[in-house]
Amino acid sequence: MLSRTTIDISSPMPPPPWACMERALMTSVTDACIAFYRKYFDERGYLLCVPRWGGDDGPDDAIENLTDWPILYALGGEEILLDMCKQAQDGHIRQYTEAKT
50 MLSRTTIDIS SPMPPPPWAC MERALMTSVT DACIAFYRKY FDERGYLLCV
100 PRWGGDDGPD DAIENLTDWP ILYALGGEEI LLDMCKQAQD GHIRQYTEAK
150 T
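Numbering-wise, this note's numbering puts 52 at position 3 of the sequence shown, and it's gapless, one number per residue.
Here is the structure:
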């Protein structure tokens, strides 16, 4: 049988240094994601590229840059990460639906 231990913390304490560094890293990565999105996507969420359906590259490669953005958001990242990712995913589907083979 597992024993149940209760930890009672009755006074606030500052976060440990590693937690502060982790938050700073998340802020830096978010800033980089925003810069990347502004440089490589248009207002519709389309990737600024020539869309094509190829054997070596194609739709799956085009959206891979955003793979970890939802994870960063889920870990406590800013809402803009989720907004950009949703817009890019919707744009990606429209863009490659319109693409000619």
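Here a beta-carbon is modelled for each residue, glycine too, at the ideal position from N, C-alpha and C.
The model shown is predicted, which means the values in this text are computed figures rather than measured ones.
query, result
"Whole-angstrom distance between GLY107 and TYR95, CA atom to CA atom", "14 angstroms"
"C-beta contact flag for LEU130 and THR79 at 9 angstroms", "yes"
"Secondary structure of LEU124, DSSP reduced to three states", "coil"
"Contact check, PRO100 vs ALA111, beta carbons under 9 angstroms", "yes"
"Buried or exposed by the 16-neighbour rule on C-beta atoms within 10 Å, applied to MET50", "exposed"
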